[in-house]
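Peer 1:
Number of protein chains: 2
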Amino acid sequence: MDNFSFCTPTEYVFGRGVESQVGEYSVKYLGTKVLIVSGNNSAERSGLLNVVRQSLNARSIIYVELNGINPNPTDDKVYEGIKICREKGVTGVLAVGGGSVIDTAKAIAGGVPYAGDFWDFWSGKSVMVEALPIGTILTIAAAGSEGSGNSVITSLKTRQKISIRTNVLRPKFSLLNPELTMTLPPYQTACGIVDMMAHIMERYFSNTPDCEVTDRMCESLLTAIIASAPTVISDPENYQARANLMWAGTMAHNGVCGVGRAEDWTSHGMEHELSALYGVAHGAGLSVVFSAWLSYVSKFNPAKVEQFGRRVFGVHTAGEAINELKKFNSSIGMPVTLSELGIASPDIPLLVSNLHKTKGSIIGSYYPTNAEASYEIYQLML
Amino acid sequence: MDNFSFCTPTEYVFGRGVESQVGEYSVKYLGTKVLIVSGNNSAERSGLLNVVRQSLNARSIIYVELNGINPNPTDDKVYEGIKICREKGVTGVLAVGGGSVIDTAKAIAGGVPYAGDFWDFWSGKSVMVEALPIGTILTIAAAGSEGSGNSVITSLKTRQKISIRTNVLRPKFSLLNPELTMTLPPYQTACGIVDMMAHIMERYFSNTPDCEVTDRMCESLLTAIIASAPTVISDPENYQARANLMWAGTMAHNGVCGVGRAEDWTSHGMEHELSALYGVAHGAGLSVVFSAWLSYVSKFNPAKVEQFGRRVFGVHTAGEAINELKKFNSSIGMPVTLSELGIASPDIPLLVSNLHKTKGSIIGSYYPTNAEASYEIYQLML
Chain G
142 MDNFSFCTPT
152 EYVFGRGVES
162 QVGEYSVKYL
172 GTKVLIVSGN
182 NSAERSGLLN
192 VVRQSLNARS
202 IIYVELNGIN
212 PNPTDDKVYE
222 GIKICREKGV
232 TGVLAVGGGS
242 VIDTAKAIAG
252 GVPYAGDFWD
262 FWSGKSVMVE
272 ALPIGTILTI
282 AAAGSEGSGN
292 SVITSLKTRQ
302 KISIRTNVLR
312 PKFSLLNPEL
322 TMTLPPYQTA
332 CGIVDMMAHI
342 MERYFSNTPD
352 CEVTDRMCES
362 LLTAIIASAP
372 TVISDPENYQ
382 ARANLMWAGT
392 MAHNGVCGVG
402 RAEDWTSHGM
412 EHELSALYGV
422 AHGAGLSVVF
432 SAWLSYVSKF
442 NPAKVEQFGR
452 RVFGVHTAGE
462 AINELKKFNS
472 SIGMPVTLSE
482 LGIASPDIPL
492 LVSNLHKTKG
502 SIIGSYYPTN
512 AEASYEIYQL
522 ML
Chain L
142 MDNFSFCTPT
152 EYVFGRGVES
162 QVGEYSVKYL
172 GTKVLIVSGN
182 NSAERSGLLN
192 VVRQSLNARS
202 IIYVELNGIN
212 PNPTDDKVYE
222 GIKICREKGV
232 TGVLAVGGGS
242 VIDTAKAIAG
252 GVPYAGDFWD
262 FWSGKSVMVE
272 ALPIGTILTI
282 AAAGSEGSGN
292 SVITSLKTRQ
302 KISIRTNVLR
312 PKFSLLNPEL
322 TMTLPPYQTA
332 CGIVDMMAHI
342 MERYFSNTPD
352 CEVTDRMCES
362 LLTAIIASAP
372 TVISDPENYQ
382 ARANLMWAGT
392 MAHNGVCGVG
402 RAEDWTSHGM
412 EHELSALYGV
422 AHGAGLSVVF
432 SAWLSYVSKF
442 NPAKVEQFGR
452 RVFGVHTAGE
462 AINELKKFNS
472 SIGMPVTLSE
482 LGIASPDIPL
492 LVSNLHKTKG
502 SIIGSYYPTN
512 AEASYEIYQL
522 ML
């Protein structure tokens with residue numbers, strides 16, 4: 142267990158109907174003028190945005206709106222949001238949506254008080270020290286952005302998809318109503334399940350010894366997610382299964398699964414290249430990448446893979462563990478090969494080249510992955 | 142899973158030597174004049190208080206000191222601390238010690254800005270809305286007060302030992318160095334282990350259905366504690382076992398184990414009466430109380446006890462689960478009967494009468510415990 146510091150100040154308000162409290166929490170945290178950030182009309186169609194507007198109106202909070210945030214969100218909407226905030230004197234940013242919406246809201250919040258180009262923080266040119274306060278109303282259990290300080294944005298110019306992590310971007314509050322996720326189709330729900338499991342496993346597969354508490358917590362969340370998954374797929378309006386999944390998704394990525402140790406994140410890096418090149422859904426891509434990555438690294442470093450198999454799936458070898466993970470992903474309708482993902486002829490040399498251009502020549506820590514290794518891992522996805 | 146709100150804003154700084162950063166964190170959170178609260182000389186003898194003074198001096202923070210806080214802390218020291226803070230214009234309170242020291246520091250911090258008697262908050266006459274900022278340097282892994290909003294204080298006049306819980310009292314920062322716990326004798330270490338396990342189990346034994354995530358997290362922490370316990374007892378200077386135990390103790394009581402459901406706390410109530418009447422150590426008392434309580438309630442409500450046995454100890458019946466818990470407690474040198482605790486002839490009618498006078502005629506929620514039931518539970522401790 143390494144030294145660490147850890148702080149999750151987000152106020153979580155969880156349960157049926159909590160979105161109607163957004164006015165109250167905006168007064169408390171966001172100030173008098175709010176930018177509402179949302180996606181492509183689903184929050185409008187469902188009536189959620191109207192609930193938000195009414196609640197803000199009731200507290201005399203002025204708001205402006207930015208909608209149309211797409212999956213794998215891009216910097217153009219961030220620039221647009223920053224401009225609106227500066228022109229209108231916005232005091233806080235409210236995200237109404239899933240990970241892409243929240244990540245965009247965070248980038249806007251970080252960009253407004255900064256004199257330079259907001260992308261400086263993502264490119265590593267500058268370190269963020271302040272941001273407008275951020276609130277969220279979550280509509281998809283997946284990305285964990287509602288409880289994290291992470292934000293992933295793609296630059297339209299360079300096509301780089303980059304993630305940053307800073308406590309400055311942790312939301313002040315997140316309103317989590319599992320009912321809002323009931324209308325998600327099974328495919329998107331399953332993508333969310335894979336994503337949250339990956340957030341745990343990226344932290345779990347670590348060589349830092351003696352992290353018994355954190356290991357056990359990771360395993361407990363994985364076990365709970367696997368237990369809830371069949372129900373949310375077969376019975377999408379099951380409130381309790383949705384609720385367990387939503388809370389697991391938040392805990393998966395708020396940092397508690399990673400304290401005191403090196404994390405890996407090779408699989409996320411490899412998936413980001415798949416998304417960038419082929420436009421696949423992040424969760425579906427991770428479903429293909431993660432078991433291939435596990436297969437490769439378990440040849441060199443099987444101990445933790447065996448522990449994962451034993452404690453999460455009740456099996457005895459690394460090979461069985463990987464099979465169980467694939468079987469689980471297939472059972473919820475997720476692809477486990479690139480062809481199942483719809484990529485018949487992947488350009489593996491280009492994927493490898495892009496990956497190491499963005500992330501450096503060696504990535505990950507559970508197994509340090511160079512270009513030769515990442516080539517083999519992409520091959521294992523065929 | 143019930144609706145809930147949950148916020149743990151404490152900044153945890155964990156690892157070797159972190160106590161020397163107290164000046165930096167005091168500047169950030171506690172202001173320019175700090176009251177240092179400590180216990181009976183062990184922090185002085187070990188040199189810890191000198192490290193603290195030097196670190197505060199280096200940041201030009203003025204401090205005053207209040208020492209001599211005893212286990213089962215009493216209101217007299219709280220009044221003394223409040224008086225000092227007001228006279229000296231103290232801006233923040235720093236606890237250097239274990240649960241008793243931190244609970245006292247919290248009570249002082251809540252009392253200073255309040256015009257009435259601080260005890261009003263504990264007696265239920267008033268609700269706390271503000272407090273001076275609180276920081277902690279933890280020296281015992283047990284009470285979890287370093288990450289909670291709880292404070293337990295005993296009134297010398299009424300002999301009532303009362304616990305309150307409010308987010309207002311959550312520490313701003315907690316510096317957690319496992320090395321500081323290495324000099325604790327095995328008996329005190331074991332008391333801490335029992336206490337943190339009880340904090341989890343008081344939340345785990347709940348009738349609220351569909352709390353799979355929270356159940357699994359509780360079980361994971363219990364499993365990790367049970368795994369680390371033999372090592373810290375046999376090898377007190379084992380850093381990694383001490384580290385896992387310290388972090389588990391914080392997670393056990395910061396609230397994450399209780400979200401979304403009714404909690405019980407009958408065992409803590411019953412133990413508080415044992416401590417008040419016979420002056421026993423809180424953890425040792427809990428060791429006797431908890432298995433007796435489990436034995437009694439499992440007659441009426443065995444399902445969760447069976448789940449506990451299955452998932453934590455790998456056994457199949459409630460009876461076996463209770464036996465495993467007793468065996469574990471005995472293995473770390475803890476008593477499992479009142480006579481082993483040194484109470485040969487307990488005055489059970491008085492314990493029952495005091496318990497229900499303080500806590501009301503029915504206590505707990507996993508099994509609603511009236512005076513007849515609590516009498517039988519105390520009998521089971523013989």
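Chains G and L, in that order, are what the protein sequence lines are.
Numbering of the first sequence is given in our numbering, commencing with residue 142 and proceeding in unit increments.
Numbering of the second sequence is given in our numbering, commencing with residue 142 and proceeding in unit increments.
Cβ coordinates follow ideal geometry from the N, Cα and C atoms, glycine included.
From the DSSP secondary-structure annotation, give me the bridge partner or partners of G/F145.
Peer 2: Paired residue(s): L/F155.
Peer 1: From G/C332 to G/A462, what distance separates their C-alpha atoms?
Peer 2: Answer to the nearest angstrom: the Cα atoms are 20 Å apart.
Peer 1: Return no unless some Cβ of chain G is closer than 9 Å to the Cβ of L/N144.
Peer 2: Yes, L/N144 counts as interfacial toward chain G.
Peer 1: What is the DSSP secondary structure of L/S436, counted as helix, strand or coil?
Peer 2: Looking at L/S436 - three-state DSSP - the assignment turns out to be helix.
Peer 1: By how many angstroms is the C-alpha of L/S347 removed from the C-alpha of L/N511?
Peer 2: Answer to the nearest angstrom: the Cα atoms are 17 Å apart.
Peer 1: In chain L, which residues lie with their C-beta within 9 Å of the C-beta of G/P150?
Peer 2: Result: C148, T149, P150, T151 and E152.
Peer 1: Can you pull the DSSP bridge partners for L/V205?
Peer 2: Answer is L/L176.
Peer 1: For G/N385 and chain L, any beta-carbon pair shorter than 9 Å?
Peer 2: By this cut-off, G/N385 is an interface position.
Peer 1: Look at the alpha carbon of L/A250 and the alpha carbon of G/N211, and state the distance between them as a whole number of angstroms.
Peer 2: When rounded, the distance between both Cα atoms is 47 Å.
Peer 1: Do G/M323 and G/P377 count as a contact pair if the criterion is CB distance below 9 Å?
Peer 2: For G/P377 and G/M323, yes; Cβs fall inside 9 Å.
Peer 1: Could you list the residues in the region 150 to 180 of chain G with a C-beta less than 9 Å from some C-beta on chain L, going in chain order?
Peer 2: Within the region 150 to 180 of chain G, the residues whose Cβ lies closer than 9 Å to some Cβ of chain L are P150, T151, E152, Y153, V154, F155, G156, R157, G158 and V159, listed in chain order.
Peer 1: Just to confirm the assignment, what range does the beta strand (DSSP E) spanning G/K302 have?
Peer 2: Its beta strand (DSSP E) spans residues K302 to R306.
Peer 1: Is it buried or exposed, L/S432, if we count other Cβ atoms within 10 angstroms and call 16 or more buried?
Peer 2: Label assigned to L/S432: buried.
Peer 1: Any C-beta of chain G sitting closer than 9 Å to the C-beta of L/T364?
Peer 2: By this cut-off, L/T364 is an interface position.
Peer 1: Answer with yes or no whether the minimum CB distance from L/G401 to chain G is below 9 Å.
Peer 2: By this cut-off, L/G401 is an interface position.
Peer 1: Tell me which residues of the region 325 to 358 of chain L have at least one Cβ-Cβ distance to chain G shorter than 7 Å, keeping chain order.
Peer 2: So the close ones are D351, E353, V354, R357 and M358.
Peer 1: Using a Cβ cut-off of 9 Å (strictly closer), state whether L/E221 contacts chain G.
Peer 2: No, no contact with chain G.
Peer 1: When you compare the CB of L/S375 with every CB in chain G, is at least one pair closer than 9 Å?
Peer 2: Answer no: the Cβ-Cβ gap between L/S375 and chain G never drops below 9 Å.
Peer 1: CB L/K313 to CB L/A417, shorter than 9 Å?
Peer 2: Not a contact, by the Cβ cut-off of 9 Å.
Peer 1: Determine the extent of the alpha helix (DSSP H) in which G/N291 is found, giving its start and end residues.
Peer 2: Per DSSP, G/N291 belongs to no alpha helix (DSSP H); it is in the beta strand (DSSP E), N291 to T295.
Peer 1: So L/Q381 contacts chain G; which residues on that side make the cut at Cβ distance below 7 Å?
Peer 2: Residues of chain G passing the Cβ test: M142 and D351.
Peer 1: Take every Cβ of the region 361 to 381 of chain G, pair it with every Cβ of the region 415 to 430 of chain G, and state whether three or more of those distances are shorter than 8 Å.
Peer 2: The region 361 to 381 of chain G vs the region 415 to 430 of chain G: no contact.
Peer 1: Which of the three DSSP states, helix, strand or coil, is assigned to G/P150?
Peer 2: Strand.
Peer 1: If we count the other Cβ atoms within 10 Å of its Cβ and call it buried at 16 or more, is L/T277 buried or exposed?
Peer 2: The residue is buried, with at least 16 neighbouring Cβ atoms inside 10 Å.
Peer 1: Of the residues L/Y153, L/N213, L/A368 and L/N464, which one's Cα is nearest the Cα of L/H423?
Peer 2: Answer by Cα proximity: L/N213.
Peer 1: What did DSSP end up calling G/T280 once you bin it into helix, strand or coil?
Peer 2: G/T280 falls in the coil class under three-state DSSP.
Peer 1: Alpha carbon to alpha carbon, how far is G/V231 from G/P371? Give it in angstroms, no decimals.
Peer 2: So the alpha carbons of these two residues sit roughly 43 Å apart.
Peer 1: Give the interface partners of L/A368 over in chain G, defined as CB-CB distance under 8 Å, in chain order.
Peer 2: The contacting residues are E353.
Peer 1: Give the residues of chain L in contact with G/S361, contact being defined as C-beta atoms less than 7 Å apart.
Peer 2: Correct list: R357, M358, E360 and S361.
Peer 1: By the three-class DSSP mapping on this structure, what secondary structure does G/A98 have?
Peer 2: Nothing about residue 98 of chain G can be read from this structure; chain G reaches only from 142 to 523.
Peer 1: Ignoring anything shorter than 4 residues, give me the alpha helix (DSSP H) runs that lie fully in the region 331 to 412 of chain L, in order along the chain.
Peer 2: 353 to 375 and 380 to 394, all fully within the region 331 to 412 of chain L.
Peer 1: Is G/I243 closer than 9 Å to G/I334 when the C-beta atoms are compared?
Peer 2: Cβ distance not < 9 Å, so G/I334 and G/I243 don't count as in contact.
Peer 1: For L/F471, list the residues DSSP reports as bridge partners.
Peer 2: At residue 471 of chain L the sequence reads Ser, which differs from the Phe that was named. Its beta-bridge partners do not exist; DSSP assigns none.
Peer 1: Please tell me whether G/M142 and G/C352 are closer than 9 Å, where the distance is taken between their beta carbons.
Peer 2: Yes, these two residues count as a Cβ contact at 9 Å.
Peer 1: Give me the residue from L/K247, L/V438 and L/P150 with the minimum Cα distance to L/P406.
Peer 2: Correcting the residue type first, residue 406 of chain L is Trp in the shown sequence and not Pro. Nearest C-alpha to L/W406: L/V438.
Peer 1: Mind pulling the chain L residues with CB within less than 8 Å of G/A389?
Peer 2: Those within 8 Å of G/A389 in chain L are V354.
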